[in-house]
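S.K.: Questions regarding the structure given below will be posed in turn.
Residue numbers (our numbering): 11 to 166.
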């Protein structure tokens, strides 16, 4: 490979690098959720015993909406990871107090349907921090390795 070709490959890599870093950030967050570990490699805090809908599923995983909401966008200075409000609350931990409006709905109970009128519900909930993505040495090492691989690929 000629010097000119190597320079052209490195310039092309420079244009794509932010997008590659953004994709790696999303993959890192999803891998942490899949492995059930935080950014330091420590296992997530388990659910309380007898939690509803536990059925052996992973923490932070239900229908997949939260995982699908994890996206990264390219900014002027790099890349930024975003998720829906629920996943951000889990990532940082949250204390939720106040009231929530419950819409009118139908509930099936003991083989019959019951109409539930709209009402408000008081809430006092603690979400422990299960940090699936944050700046950490593990994340930086993973990004550094990816960048080094891309540079070697551009030079060969």
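Ideal Cβ positions, reconstructed from N, Cα and C, are used throughout, including at glycine.
#1: For residue 57 and residue 15, I'd like the C-alpha separation in whole angstroms.
#2: Below 8 angstroms on the Cβ atoms is my guess for residue 76 versus residue 101; work out the distance and round it to an integer in Å.
#3: From the DSSP output, which residues share a beta bridge with residue 107?
#4: Quick check on this structure: which residue in 111, 145 and 139 has the alpha carbon closest to the alpha carbon of residue 127?
#5: Would you identify the three-state DSSP class for residue 82, choosing helix, strand or coil?
#6: Only counting the same chain, and skipping five residues up and downstream in sequence, which positions put a Cβ closer than 6 angstroms to that of residue 23?
#7: Anyone know if the C-beta pair for residue 80 and residue 39 falls short of 8 angstroms?
#8: Consult DSSP for residue 16 and reduce its assignment to one of helix, strand or coil.
#9: Would residue 82 and residue 133 qualify as a contact pair, given that the criterion is a beta-carbon distance under 8 angstroms?
#10: Does the beta-carbon of residue 106 have 16 or more other beta-carbons within 10 angstroms, so that it is buried, or is it exposed?
#11: For residue 166, which residues in the same chain have their Cβ closer than 8 angstroms to its Cβ, ignoring the five residues on either side in sequence?
#12: Just grab the DSSP bridge partners of residue 124 for me.
M.R.: This is what the structure holds:
#1: Against the chain shown, residue 57 aligns to sequence position 47. Against the chain shown, residue 15 aligns to sequence position 5. When rounded, the distance between both Cα atoms is 54 angstroms.
#2: As a working note, residue 76 is residue 66 in the chain shown. As a working note, residue 101 is residue 91 in the chain shown. Not quite, the Cβ-Cβ distance comes to about 10 angstroms (not below 8 angstroms), so this is no contact.
#3: Sequence index remark: in the chain shown, residue 107 carries index 97 (1-based). For residue 107, which the question treats as bridged, DSSP gives the partners 134.
#4: Along the chain shown, one-based indexing puts residue 127 at 117. Residue 127 has its Cα closest to that of 111, out of 111, 145 and 139.
#5: Along the chain shown, read from residue 1 onward, the residue named residue 82 stands at position 72. Of the three classes helix, strand and coil, the one that applies to residue 82 here is strand, per DSSP.
#6: Reading the chain shown from its first residue, position 13 is the one you call residue 23. Answer for residue 23: 160 and 164, listed in chain order.
#7: Here residue 80 corresponds to residue number 70 of the chain shown, with the count starting at 1. Here residue 39 corresponds to residue number 29 of the chain shown, with the count starting at 1. Yes. Within cutoff.
#8: Along the chain shown, read from residue 1 onward, the residue named residue 16 stands at position 6. Helix.
#9: Translated into the one-based positions of the chain shown, residue 82 becomes position 72. Translated into the one-based positions of the chain shown, residue 133 becomes position 123. Going by C-beta atoms, residue 82 is not nearer than 8 angstroms to residue 133.
#10: The residue you call residue 106 lines up with position 96 of the chain shown. Residue 106 is exposed by the Cβ-count criterion.
#11: Here residue 166 corresponds to residue number 156 of the chain shown, with the count starting at 1. Same-chain partners within the cutoff: 11.
#12: Taking the first residue of the chain shown as position 1, residue 124 is located at position 114. Residue 124 pairs with 117.
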